[in-house]
Structure formats: structure tokens, C-alpha cells
Amino acid sequence: MPAAVCLQNVHKVYNNVSVVDDLSLTIEPGEIFGLLGPNGAGKSTTIRMVTTLTRPTQGDIVVAGYDVLRQPFGVKQQIGVVLQQTSVDMDLTVWENMEFHGRMHHIANSRRQKEIDRWLEYVELLDRRNDLVKTLSGGMKRRLQIARALLHQPQILFLDEPTVGLDPQTRRRLWEIIKGLNQQGMTILLTTHYMEEVEYLCNRIGIMDSGKLIALGTLAELRRQHGEGLVMKQNGDRWDYTFFPTMQDAKAFLEQQPDKTGMMLRPSNLEDIFVELTGRNLD
Ligand code: ADP
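If you read the sequence shown in the numbering used here, its first letter stands for residue 10, the second for the next number, and so on.
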């Protein structure tokens, strides 16, 4: 089975500025991969290139065995895409949006109706099928986008910041939908700002900054690489962080300190690693 997504030495240059800079990355079938990074890191541009919406300036991108430049239609059949801006038609009903997308993908009528019902039921929108999209909440619109992206039975789903702007409860509901799809075998690549989202959903994480992939691995691997134990020390109104290979090492360090005022010990998390690597907070 070919890799779900394979990028090799990919570059994207806008106005002489390199926004994706020599990116190489392979995502295997069945993964939920999270691409994390601050605003402007190049996450959306990467998704746009992989989903054939933007041409790479240089490099190779192959999706489910299809080359994005030479076989864009092959790629499109294999992928479902949910981008940040809501792309559903507000003046059509839920069902009309699904129907339109199904016809665009030339899905035969009887199968189309079955698939529309199946996916609307999966995202719990079947009872809203005749409502205009503009009457739906933000979370419902996002669920409709996901149902629509799944209608032509893609193997790989791309989600660009799927839960941005949604309240915590709605976000959790979407997480369950995303997790459920992965359990059914769907490969998922998502971009996000939210650490908890990555920690909860993703089996592997890539951190991007200034167009480059600066870290790659499971959360456990990233913690092992950067240090599993953390000593925090209050320094005026900010905290200084020191990583240690293990919690025991951090504890031993703390115990040696003659003055432990303002010092704290805890296991490192993804946010600590992110801040350490990029020098930035996400929010
Ligand atoms: P992210 O999704 O990580 O926030 P983006 O991929 O949206 O990052 O943007 C990366 C950089 O590319 C930003 O500096 C952005 O301004 C720039 N950029 C994105 N799209 C375009 C475009 N169509 N033309 C020029 N610059 C762009």
C-alpha cells in the first residue's frame, strides 16, 4: 500500500519569500497526524499543496500513489477536504449542499442518496436535512462540511483547523467524530493551534515554524527527545523552564537547590516543548 501522503523537499515561495521551506514528510495509511505551528508557519499552504489547490514551487508530493501535479484528479478522488473558511452554501439546505457535492463527484443517484443519509446520520444532522444552512450553529456547519467531504468515500481526510472558534463542548463532539472516522480506517491530517486537540487525537505530531518542520514524532518521542521532567522557576512576572531527561533527574536537581522558593517540578507537556522550540506561545 503506498504512503497516504509523501512530501519530498517541497518548497513554496510567495513574492520571493519562502513560506514552505524544504519540507519532507511521510504519513502512513491509518494515522491521525497533527500539524502544529504558530500563525504564518505554513500549515495551510502545506495542506493546500497536498490537496492540489496550490502548486508547489519545487519538490514532489504524492497522495495515495497519485502525483499532485501530474494526476490531480486521482488525488481528488482519494481525499476529502475541510478548509478553515466555511465553504458550504448558506442559502441551500443541508441536503441540497450534500446533493450538489455528490453530483459534482458523479456519484450515481441511488448510491448518492444512501451516502447522503449515511453521513448526515454519522454527524447527527439527519433531522436538519431540510433546514437552510444559514440557520445552523457554527458546530453544525462544521459537521456538515465533514459529512460533505466524506460523501465520495475518500481514503484521506484533511482538516484545516477543524475546531477553531468553536466552544469546548462542540469541539469535543467534533473530536469524537474525527476519532470515530479514524477507527473506521480513515487517514486524517489536521492542522491546529490547540495543544489539547493534538494530545487527544493525534498519534504523530509535526511542528512547523517559519515554513520548516522543526519536530516530528509521537508525543512520547518528543517528550523523550526534549526532556520528560521540567523545573519551573519564577523570575519576576515570568517563569524560567529547565528540561531534564527524566522526572527523577529534575527532582534530584530541585533537591540540591539551597533555596527552592518559587520553584516547581512537573512532567513536560506538548506546550512546553512547543514554546521551547519556537520561543512562542500559541495563544
Ligand atoms: P499557517 O496556516 O501556518 O497560519 P499559512 O500557510 O496560511 O500559515 O501562511 C504562511 C505564510 O504564507 C504567511 O506569511 C502568509 O502570509 C503567506 N501566504 C499564504 N498564502 C499566500 C498567498 N496566496 N500569497 C502570498 N502570501 C501568502
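Every residue gets a Cβ at the ideal spot worked out from N, C-alpha and C, and that includes glycine.
Remember, it's a predicted structure, so these values are computed and weren't measured experimentally.
Checklist entry - Taking one C-beta from the segment 209 to 224 and one from the segment 246 to 266 each time, how about it: are there three or more such pairs within less than 8 Å? => result Judged by Cβ distances under 8 Å, the segment 209 to 224 makes no contact with the segment 246 to 266, as fewer than three pairs qualify.
Checklist entry - Relative to the C-alpha of residue 172, which residue among 275, 152, 225 and 20 is closest? => result Proximity to residue 172 across 275, 152, 225 and 20 peaks at 152, based on C-alpha coordinates.
Next on the checklist: For residue 158, tell me which candidate among 240, 177 and 187 has the shortest Cα-Cα distance.
Outcome noted: Nearest of 240, 177 and 187 to residue 158, Cα basis: 187.
Checklist entry - What are the residues that DSSP puts in a beta bridge with residue 20? => result 67, per the DSSP bridge assignment.
Next on the checklist: Using 8 Å for Cβ pairs, my map puts residue 139 next to residue 184. What's the rounded Cβ distance?
Outcome noted: At roughly 28 Å, the Cβ-Cβ gap does not stay under 8 Å, so residue 139 and residue 184 are not in contact.
Checklist entry - In the DSSP assignment, what are the bridge partners of residue 81? => result In the DSSP output, where bridge partners are listed per residue, residue 81 has none listed.
Checklist entry - When the Cα atoms are used, what is the spatial distance from residue 245 to residue 77? => result So the two alpha carbons sit approximately 52 Å from each other.
Next on the checklist: Between the alpha carbons of residue 291 and residue 208, how many angstroms are there, rounded?
Outcome noted: Any reading at residue 291 must be qualified, since the residue scores a pLDDT of 49, below 50, and its modelled position is unreliable; no value is offered.
Checklist entry - Can you name the start and end residues of the beta strand (DSSP E) that residue 45 belongs to? => result Its beta strand (DSSP E) spans residues 41 to 45.
Checklist entry - Does the count of Cβ pairs from the segment 124 to 139 and the segment 89 to 101 closer than 8 Å reach three? => result Flag = no, the segment 124 to 139 and the segment 89 to 101 do not touch.
Checklist entry - Does the count of Cβ pairs from the segment 75 to 90 and the segment 218 to 238 closer than 8 Å reach three? => result Short answer: they don't touch.
Checklist entry - Under the rule that 16 or more other beta-carbon atoms within 10 Å means buried, what is residue 49, buried or exposed? => result An exposed status is given to residue 49, since fewer than 16 other beta-carbon atoms sit within 10 Å of its beta-carbon.
Checklist entry - In chain order, what residues of the same chain lie with their CB nearer than 8 Å to the CB of residue 111, ignoring the 5 residues before and after it? => result Excluding sequence neighbours, residue 111 sits near 121, 124, 125, 160 and 161.
Checklist entry - Out of curiosity, what's the CA-to-CA distance linking residue 84 and residue 90? => result If you take the alpha carbons of residue 84 and residue 90, they lie about 11 Å apart.
Item to check | Beta bridge counterpart(s) of residue 15 as assigned by DSSP | outcome: DSSP lists 35 and 71 as partners of residue 15.
Checklist entry - Between the C-alpha atoms of residue 52 and residue 200, what's the straight-line distance to the nearest angstrom? => result In this structure, the CA atom of residue 52 is about 7 Å from the CA atom of residue 200.
Checklist entry - Looking only at C-alpha atoms, which of 146, 168 and 127 sits nearest to residue 178? => result The shortest Cα separation from residue 178 among 146, 168 and 127 belongs to 146.
Checklist entry - Between 33, 64 and 221, which lies nearest to residue 47 when the distance is taken from Cα to Cα? => result Checking every option, the nearest Cα to that of residue 47 belongs to 221.
Checklist entry - Given a threshold of 16 other Cβ atoms within 10 Å of its Cβ, counted over all protein chains shown, does residue 154 qualify as buried or as exposed? => result Around the CB of residue 154, 16 or more other CB atoms lie within 10 Å, so the residue is classed as buried.
Checklist entry - Would residue 13 pass as a contact of residue 36 if the rule is Cβ separation under 7 Å? => result Remark: C-beta atoms of residue 13 and residue 36 approach each other more closely than 7 Å.
Next on the checklist: Can you determine whether any heavy atom of ligand 1 sits closer than 6 Å to the C-beta of residue 91, and answer yes or no?
Outcome noted: No, Cβ of residue 91 sits at least 6 Å from all heavy atoms of ligand 1.
Checklist entry - Quick one: does the C-beta of residue 85 sit closer than 6 Å to a heavy atom of ligand 2? => result Absence of ligand 2 from the depicted structure is noted, with ligand 1 being the only ligands included.
Item to check | Contacting residues, own chain, Cβ-Cβ under 8 Å from residue 116 (five flanking each side not counted) | outcome: Correct list, in chain order: 124, 160 and 161.
Checklist entry - By the 10 Å Cβ neighbour count, where 16 or more other Cβ atoms means buried, how is residue 270 classified, buried or exposed? => result Residue 270 counts as exposed, since fewer than 16 other C-beta atoms from the protein chains shown sit within 10 angstroms of its C-beta.
Checklist entry - Can you tell me whether DSSP reads residue 27 as helix, strand or coil? => result In the displayed model, residue 27 falls within a strand according to three-state DSSP.
Checklist entry - Straight-line CA distance for residue 196 to residue 259? => result Distance between the alpha carbons of residue 196 and residue 259: 38 Å.
Checklist entry - Taking Cβ positions, are residue 216 and residue 32 nearer each other than 7 Å? => result Not a contact, by the Cβ cut-off of 7 Å.
Checklist entry - residue 240: which of 257, 226, 227 and 11 sits nearest, CA to CA? => result When the alpha-carbon of residue 240 is set against those of 257, 226, 227 and 11, the nearest one is in 257.
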